[in-house]
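Peer 1:
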Amino acid sequence: MADIHVEEFYKDVAIALAQLYATFPRRTNLFVEDIAGPDEPDEFGLHSKRHMACFGALLWLQEEGLLRYVDTIRQEALDQAVLTREAFVRLSAPAPQSLARKLNALPEEANLPASVQQDLSTYTHLLRAALKNGSSTRISLAVQAAFFTDFSAEGLH
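Converting from the sequence shown to the working numbering requires adding 12 to each position, the first position being numbered 1.
#1: Who are the Cβ neighbours of L103 in its own chain at under 8 angstroms, not counting the five residues just before and after it?
#2: Cα-Cα, which of Y22, I16, Q87 is closest to F160?
#3: Which of the three DSSP states is assigned to T96 in this structure?
#4: Classify R113 as buried or exposed, calling it buried when 16 or more other Cβ atoms lie within 10 Å of its own Cβ.
#5: Please return the same chain residues whose Cβ sits closer than 8 angstroms to the Cβ of D24, not counting the five positions on each side in sequence.
#6: Might you give, ordered along the chain, the residues of its own chain that have their beta carbon closer than 7 angstroms to the beta carbon of L115, omitting 5 neighbours on each side?
#7: What does a CB cutoff of less than 8 angstroms around Q87 pick up in its chain, not counting 5 residues either side in sequence?
#8: Give the secondary structure of F56 by DSSP, where H, G and I count as helix, E and B as strand, and everything else as coil.
#9: Alpha carbon to alpha carbon, how far is E75 from S147? Give it in angstroms, no decimals.
#10: Would you report the Cα separation of D51 and G57, rounded to the nearest angstrom?
#11: On a Cα-Cα basis, can you pick out the residue from V101, A89, E55, R38 that is closest to G238?
#12: Roughly how many angstroms lie between the CA atoms of T35 and D54, to the nearest whole one?
In structure tokens form, the structure reads like this:
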């Protein structure tokens with residue numbers, strides 16, 4: 013089992029990327045509270061470790077080239093964030109069906125229209141299904157598969 017901060021990181025990343033994909037190509041503000049939950053700064057105005065970890069995950073996504081933003085809004089949000097081309101292409105790409113089945117992201121019914129099957133086979137669908145399920149293991153696997161798997165190893169370019 014991973015350390016709790018790593019599981020929270022994967023969940024924060026999945027939520028942020030799902031939000032950005034849902035609004036792509038529009039720019040949107042990514043609020044830490046929408047991802048990590050409400051936070052009450054202490055008597056010195058400092059945020060909790062959880063809040064700062066989520067904010068750090070958002071900054072890390074930018075440093076790794078998965079999102080862009082115009083500015084930060086204090087330590088509360090990223091102003092006018094959008095997915096990069098690399099992240100959009102990866103989230104839109106079909107995931108291996110074996111992975112989708114492993115994460116229970118594909119319904120058992122095989123008589124779905126081709127367009128629905130295509131939508132259900134993307135990495136973004138895997139992230140959404142894992143988030144809906146709530147299992148930290150599934151969320152971690154979905155994020156790892158989406159961004160830490162080599163495209164060339166899957167025959168995708």
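Even for Gly, the Cβ is constructed at its ideal location relative to N, Cα and C.
Owing to the predicted nature of the structure, the values given are computational and were not obtained by experimental measurement.
Peer 2: Put simply:
#1: Setting aside the 5 residues that flank it on each side, L103 is surrounded in the same chain by L29, Y33, L95, T134, Y135, T136, L139, A158, each with a C-beta closer than 8 angstroms to its C-beta; the list follows chain order.
#2: That would be Y22, whose Cα lies nearest to the Cα of F160.
#3: In this structure, DSSP gives T96 a state outside helix and strand, which the three-state scheme calls coil.
#4: By the neighbour-count rule (16 or more Cβ atoms within 10 Å), R113 is not buried but exposed.
#5: Excluding sequence neighbours, D24 sits near I47, A48, A65, C66, A69, L70.
#6: L138, A141, A142, R150, L153, A154.
#7: In its chain, beyond the 5 residues on either side, V44, H59, H63, M64, F67 have a beta carbon closer than 8 angstroms to the beta carbon of Q87.
#8: Reduced to three states, the DSSP call for F56 is coil.
#9: Straight-line Cα distance between these residues: approximately 27 angstroms.
#10: Each residue's Cα considered, the two are about 11 angstroms apart.
#11: The question about residue 238 has no answer here: the residues shown for the chain are numbered 13 through 169.
#12: The straight-line gap separating the alpha-carbon atoms of T35 and D54 is approximately 33 angstroms.
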